[in-house]
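Structure first, then comments.
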Ligand SMILES: Cc1cc2nc3c(=O)[nH]c(=O)nc-3n(C[C@H](O)[C@H](O)[C@H](O)COP(=O)(O)O)c2cc1C
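Numbering (this note's numbering), first residue to last: 102 to 475.
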């Protein structure tokens, strides 16, 4: 996707910890319920089935595939079909498609459902030049009439919830108009990332746009942008009134973010950050799921970025970086994980403190937070 490495860490909000928030499971209709109402975002070259499974195990209420070309699905192009690749145990799962012609998107939605999709989502947010220059992704935000037509066609074509994921607008915040068009076309819910196309990943997500969209439509709204822990999830819920939150970068190397937000929404103690043993066990499961699905060669290539994300900001990251080019077998991967772990022994606290993901604001009575020390 060409996103610079430094932009792969969500922006943190400062300020007071918002008070506790209650949100029931989110019913999207057609028997699809998001419980908890916390979703793993679609991420190109990241949300393949192993990562989706790990995130579901850690408590995500729904997971999403990366965006897949509608035309590719219609032609059953092997690349497009392999990007869907749904496996047992990950339902509810959303297949995200991109395209621009209502009839093509309707047909692609049917194929996604044949391949096992519980929900079909339309990408209306991808800001990348090569995507928008052909009228796809965020380019749809400039054509409200087309948006309504697309959702009518897709909703009529399939018997599962059809949703859309948008940005706050193209250059300005035209989000309300677009959201109303989605609703009028029959969307079951919408996700909004609180940045415009031109903002790319700059600044903070603008929560006021998400709040305005929530106010303007009757369908459920899923808030997205800079949610990376229970505090930022509370902020998203309370500042926007949204019905669910979606997490992208905050889940990279940190699938525990889902159990953390889920626990908070249930009013339960916030789990401690993962111990080195839990981290190792989760990472090994992630690797095993990769090996089962894709074999050694592809696993060695694709697991690299995940390994770095799991150890980002700790001494283990440096150790891993030195070994990455030598990964050629499952055994190499396991040894690299253990070497990273060994580098962090005695450093875990130091690493955790300097690691933005692990830092938590102080507990206050107002926050109603009780830490779980189990
Ligand atoms: C590596 C990467 C790949 C992404 N790919 C997609 C995609 O395929 N479809 C999509 O709708 N959004 C995609 N996004 C955007 C995210 O889903 C999300 O909207 C954005 O990162 C803001 O959420 P966050 O602050 O939680 O990261 C991607 C983001 C990243 C970092």
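Beta carbons: idealized from backbone N, C-alpha and C, even for Gly.
Skipping 5 residues on each side, what residues in its chain have a beta carbon closer than 6 Å to that of residue i?
i           : result
residue 298 : 228, 239, 268, 271
residue 155 : 356, 387
residue 460 : The predicted model places residue 460 with a pLDDT of 38, which falls under 50 and marks its position as unreliable; any figure quoted below should be read in that light. Here the set comprises nothing.
residue 119 : 335, 336, 339
residue 115 : none
residue 405 : 425
residue 243 : 271
residue 232 : 238
residue 468 : The predicted model places residue 468 with a pLDDT of 37, which falls under 50 and marks its position as unreliable; any figure quoted below should be read in that light. Closer than 6 Å at the Cβ level, and outside the excluded window around residue 468, lie 118.
residue 331 : 361, 362, 365, 371
residue 408 : 421
residue 134 : 126, 128
Mark residue i as exposed unless 16 or more other C-beta atoms lie within 10 angstroms of its C-beta, in which case mark it buried.
i           : result
residue 419 : exposed
residue 315 : buried
residue 399 : exposed
residue 225 : buried
residue 447 : exposed
residue 284 : buried
residue 344 : buried
residue 266 : buried
residue 180 : exposed
residue 361 : buried
residue 326 : buried
residue 443 : exposed
residue 321 : buried
residue 162 : buried
residue 429 : exposed
residue 151 : buried
residue 307 : buried
residue 426 : exposed
residue 149 : buried
residue 449 : Caution is warranted here: a pLDDT of 49 is assigned to residue 449, below 50, making its placement in the model unreliable, and no coordinate value can be reported.
residue 207 : buried
residue 282 : buried
residue 146 : exposed
residue 241 : buried
Excluding sequence positions up to five away, which residues of its chain have a Cβ less than 8 Å from the Cβ of residue i?
i           : result
residue 472 : For residue 472, the predicted structure reports a pLDDT of 38, less than 50, and the residue's modelled location is therefore unreliable. The matter cannot be settled from this model.
residue 375 : 357, 383
residue 235 : 201
residue 263 : 210, 220, 221, 222, 223, 252, 255, 256, 287, 288, 289
residue 346 : 138, 139, 140, 323, 324, 325, 328, 334, 337, 338, 362
For residue i versus residue j, is the C-beta spacing smaller than 9 Å?
i           : j           : result
residue 366 : residue 139 : yes
residue 169 : residue 188 : no
residue 295 : residue 329 : no
residue 438 : residue 394 : no
residue 164 : residue 141 : yes
residue 414 : residue 440 : no
residue 333 : residue 289 : no
residue 304 : residue 112 : yes
residue 137 : residue 157 : no
residue 403 : residue 391 : yes
residue 422 : residue 433 : no
residue 205 : residue 171 : yes
residue 182 : residue 216 : yes
residue 341 : residue 312 : yes
Pull up the CB-CB distance for residue i and residue j, whole angstroms please, since I reckon it's below 8 Å.
i           : j           : result
residue 287 : residue 253 : 6 Å
residue 482 : residue 261 : A query on residue 482 cannot be resolved here, the shown segment of the chain reaching from 102 to 475 and no further.
residue 203 : residue 167 : Residue 203 to residue 167, Cβ: 22 Å. No contact.
residue 160 : residue 363 : 4 Å
residue 248 : residue 210 : No, residue 248 and residue 210 are not in contact; Cβ-Cβ is about 15 Å, not under 8 Å.
residue 292 : residue 323 : 4 Å
Excluding the 5 residues flanking residue i on each side, which residues of the same chain have their C-beta closer than 7 Å to its C-beta?
i           : result
residue 213 : 174, 185, 196, 198, 221
residue 153 : 141, 164, 191, 194
residue 301 : 228
residue 410 : 353, 354
residue 445 : 377, 415, 416, 417, 452
residue 319 : 284
Original post:
Are the stretch 329-345 and the stretch 276-284 touching by the rule of at least three beta carbon pairs closer than 8 Å?
Top reply: no
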